[in-house]
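Have a look at the structure below before the remarks.
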Amino acid sequence: MTNHLFSEIRTRMPDLSRPFLETADGTVISYGDVIEISGRYANALVSLGVQPGDRVAVQVEKTPDALMLYLATVRAGGIFLPLNTAYTPAEIDYFVTDAEPKVFVCDPSRQAALAPTAGKVGASLQTLDASGKGSLRDLADGASGDFTDVARGKDDLAAILYTSGTTGRSKGAMLSHENLASNARTLVDYWRFTSDDVLLHALPIFHTHGLFVATNCLLMAGGSMLFLPKFDLDTVLKLLPRASSMMGVPTFYTRLLGSDAFTKELVAHMRLFISGSAPLSAETHKEFSARTGHAILERYGMTETNMNTSNPYDGDRRPGTVGYPLPGVELRVTEPDSGKVLAQGDVGIIEVRGPNVFQGYWRMPEKTAEELRADGFFITGDMGRVDADGYVSIVGRSKDLIITGGFNVYPAEVEALLDEIEGVAESAVIGVPHPDFGEGVVAVVAPKAGAKLDTASVAAALKDKLAKFKQPKQVHVVDTLPRNTMGKIQKNVLRDQFKGDFA
Ligand code: AMP
């Protein structure tokens, strides 16, 4: 039995003097340091009682130390459980009570507020701050860097990530060593990452995108990262000349396009721009290509499955699609109610199976059974279709599907047309209660900087392009759309805001 994820990373490491990451203030962590520092943290965790299978819950700012703690947990045979820094102590209480970690690491500013929660489950409460200092760091500094990785099998858990839970209670997705390792291996090959790559990393590390897609990929490739605490436009513009690749959510790309300093020359040397976690509009994709000559590579994944599909590295990266199923991933589209597999081209629920698919929801066997079929396919809850060339398109979450007068309206279809209207920066289409139709289609649009939009002309622009039942019965113009930290539009917020439109 090997310690799967980290032992594989180790066997792929470049010369240990090579950099693994560099922070904005110039601190460099080499691959040798990765082994040494994560070893110290692993010893610190063991001294706090962490045994194989124990959870280590972490709500801390993004620092190199936080990443070392992730690797340390995996090396010690523990289960890493990162928590969104935006969660309040009341929200944290739910996760920590549910997960019962052996160690809980928080920002020192929250120590007092979180002590009762830690006490309730008997977790050792430790701290790490935004500069990587705190009680856990002190323990690690005093520990040896020699650590013999605890043996783990491929199905043993490496992490639990809670889903964002916009429709009910958040669920802990259990991810095994092989779930993480297999996906990183696949992505390194598919996206051609090598030890020469320098990834600009401005994503949060409490989410699958920044933690697994970005970090595991670069570790498996032996490459390095420019590691920023968050996406700051000026810093990103300053560092892009030193990067070879970037992974981002769509808002990173729209923000870059909003700056005159973002020019073709600035990024002429770049190898790859990748987008995911939320739909990249075809408009943004095209604008980016026109400005830079680079076609953004869009991929699709989720917490429970890691990455499922990707546009090709060589070949056509089609705007508005998420590309092909990755090697080793099977994808099918099914009818929501019966589960019947649909014909190519039909819209239905996307289901996926492969070594990337999680082990189930933590302590929720009924939820696991509802969403993981007996044959191993996971029901993603995303609606989509596969075109004649095999490209997958997402048309929205099944819960966002609008049924108006008995007809289905897929928000993505209407949003794509809204985005094409002169002066529209972004749009969201939602269904709200309607006395005659069950749900009525409502469009919410935000204007580009300096542009003026009026609701009548937005509605008029769709007139000849869409069947009447798909046309918004109400249009709202807002300054910006509400988004969460991963750049996803919060449709639940909009549905709440406009629920009285047809009352
Ligand atoms: P999360 O678990 O937070 O990563 O969210 C996963 C969800 O984000 C998926 O189920 C999709 O609804 C959405 N998503 C991720 N990538 C894309 C993409 N490229 N296009 C459209 N939706 C996406």
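Every letter in the sequence shown is one number past the one before it in the UniProt record's numbering, and letter 143, counting from 1, is 143.
Cβ coordinates follow ideal geometry from the N, Cα and C atoms, glycine included.
What you are looking at is a predicted structure, and each value in this text was computed from that prediction instead of being measured.
So which of the options has the shortest CA-CA distance to residue i?
i, options, result
"threonine 305", "Phe147, Gly258, Thr208", "Thr208"
"residue 514", "Leu180, Pro204, Thr186, Arg55", "Outside the shown range of the chain, which is 1 to 503, sits residue 514, and nothing can be said about it."
"serine 275", "Thr254, Phe262, Ser259, Tyr361", "Thr254"
"leucine 46", "Arg12, Phe147, Phe6", "In the sequence on display, residue 46 carries valine and not leucine. Of the candidates Arg12, Phe147, Phe6, the one whose C-alpha sits nearest the C-alpha of valine 46 is Phe147."
"residue 505", "Pro312, Val347, Glu370, Gly360", "Outside the modelled stretch of the chain, which goes from 1 to 503, sits residue 505, for which no answer is possible."
"phenylalanine 498", "Gly77, Pro482, Ile403, Val442", "Val442"
"leucine 280", "Val267, Thr263, Gly248", "Gly248"
"glycine 293", "His177, His269, Glu366", "His269"
"tyrosine 361", "Met486, Gly172, Leu401", "Gly172"
"leucine 5", "Arg137, Gln111, Asp316, Gly153", "Gly153"
"serine 144", "Asp479, Asn408, Gly39", "Gly39"
"phenylalanine 262", "Leu237, Glu36, Gly450", "Leu237"
"threonine 251", "Ser176, Ala278, Val96", "Ala278"
"asparagine 492", "Gly406, Gly119, Lys399", "Lys399"
"lysine 286", "Val267, Ala460, Leu257, Glu335", "Leu257"
"residue 592", "Ile350, Lys468, Val444, Ala461", "Here the chain comprises residues numbered 1 to 503, so residue 592 is not present and cannot be evaluated."
"glutamine 471", "Gly450, Ala446, Glu439", "Glu439"
"aspartate 260", "Val28, Ile92, Arg291", "Arg291"
"proline 336", "Thr284, Asp316, Thr303, Leu401", "Leu401"
"lysine 133", "Pro116, Thr63, Ala123, Phe95", "Thr63"
"aspartate 189", "Met220, Glu178, Ser176, Ser170", "Met220"
"arginine 318", "Ser135, Asp387, Val445", "Asp387"
"proline 19", "Asp25, Ala159, Ile29, Gly323", "Ile29"
"aspartate 65", "Glu22, Asp54, Gln51, Phe95", "Glu22"
"serine 244", "Phe206, Glu283, Arg192, Asp234", "Arg192"
"threonine 97", "Ala115, Pro108, Arg110", "Ala115"
"alanine 118", "Asp93, Gln51, Pro447", "Asp93"
"residue 506", "Ile421, Asp155, Lys488, Leu266", "Residue numbering for the chain in the displayed model covers 1 to 503; residue 506 lies beyond these limits and cannot be assessed."
"alanine 446", "Asp464, Thr284, Thr215, His476", "His476"
"leucine 489", "Pro229, Ala412, Thr235, Glu370", "Position check: residue 489 holds isoleucine in this sequence, whereas leucine was assumed. Of the listed residues, the one whose Cα sits closest to isoleucine 489 is Ala412."
"asparagine 179", "Arg55, Ala90, Met307", "Met307"
"leucine 211", "Val392, Ile160, Glu265, Thr334", "Ile160"
"glutamate 265", "Arg397, Glu283, Ile9, Arg242", "Arg242"
"glycine 339", "Asn356, Thr309, Glu371", "Glu371"
"residue 538", "Asn311, Ala214, Ala24", "Past the edges of the chain, shown from 1 to 503, lies residue 538, and the structure says nothing about it."
"aspartate 141", "Asp33, Gln51, Ala451", "Asp33"
Check whether the Cβ atoms of residue i and residue j sit closer than 9 Å, and answer yes or no.
i, j, result
"threonine 321", "valine 352", "no"
"glycine 313", "leucine 272", "For the record, residue 313 in the displayed sequence is tyrosine; it is not glycine. In this structure, leucine 272 lies closer than 9 Å to tyrosine 313 by Cβ."
"serine 164", "methionine 486", "yes"
"residue 509", "valine 432", "Residue 509 lies beyond the stretch modelled for the chain, which goes from 1 to 503, so this question has no answer here."
"valine 494", "leucine 417", "In the sequence on display, residue 494 carries leucine and not valine. Going by C-beta atoms, leucine 494 is not nearer than 9 Å to leucine 417."
"alanine 99", "leucine 125", "no"
"leucine 139", "leucine 48", "yes"
"glutamate 426", "leucine 481", "yes"
"phenylalanine 358", "phenylalanine 378", "yes"
"isoleucine 79", "leucine 157", "yes"
"valine 395", "tyrosine 410", "yes"
"aspartate 501", "lysine 473", "yes"
"isoleucine 350", "arginine 373", "no"
"leucine 175", "tyrosine 41", "no"
"tyrosine 324", "glycine 390", "yes"
"leucine 239", "cysteine 217", "no"
"methionine 246", "alanine 202", "yes"
"tyrosine 162", "threonine 368", "no"
"arginine 12", "isoleucine 35", "no"
Flag residue i as yes when its Cβ comes closer than 8 Å to any non-hydrogen atom of the ligand MN, and as no otherwise.
i, result
"leucine 139", "Summarising the ligand content, the structure contains the ligand AMP and does not contain the ligand MN."
When a residue counts only if its C-beta is closer than 7 Å to some heavy atom of the ligand AMP, which residues count, in chain order?
Thr163, Ser164, His207, Thr208, His209, Ser275, Gly276, Ser277, Ala278, Pro279, Leu280, Glu298, Arg299, Tyr300, Gly301, Met302, Thr303, Glu304, Val322, Thr380, Gly381, Asp382, Ile394, Arg397, Met486, Lys488
Any contact of the segment 119-129 with the segment 71-89, i.e. 3+ C-beta pairs under 8 Å?
no
Is the segment 168-186 touching the segment 323-336 in the sense that three or more CB pairs, one from each, lie closer than 8 Å?
yes
Counting only runs of 3+ residues fully inside the segment 85-152, write out the beta strand (DSSP E) ranges in chain order.
103-106, 124-127
Quick check for students: name the residue ranges of the alpha helix (DSSP H) that lie wholly in the segment 152-204, counting only runs of 4 or more.
177-191
Where in the segment 292-347 do unbroken runs of the beta strand (DSSP E), each at least 3 residues long, occur, reported from the N-terminal end onward?
Fully enclosed beta strand (DSSP E) runs of 3 or longer: 297-302, 306-310, 330-334.
At least three beta-carbon pairs within less than 8 Å, the segment 68-78 to the segment 144-161
yes
Runs of alpha helix (DSSP H) wholly within the segment 339-406 (minimum 4 residues, chain order)
365-371
Write down every uninterrupted run of the beta strand (DSSP E) in the segment 201-267 whose length is 3 residues or greater and which is fully enclosed by it, in chain order.
224-227, 245-248
Could you tell me whether the segment 189-198 touches the segment 217-226, using the rule of 3 or more Cβ pairs below 8 Å?
yes
Segment contact flag, the segment 103-111 with the segment 56-69, C-beta cutoff 8 Å, min 3 pairs:
Contact between the segment 103-111 and the segment 56-69 is present: three or more C-beta pairs spanning the two stretches fall below 8 Å.
Let me know the alpha helix (DSSP H) ranges lying completely inside the segment 417-503, each 4 residues or longer, listed in chain order.
455-462, 491-497
Taking the runs of the alpha helix (DSSP H) that are 4 residues or longer, which of them lie wholly in the segment 7-90?
31-47, 64-75
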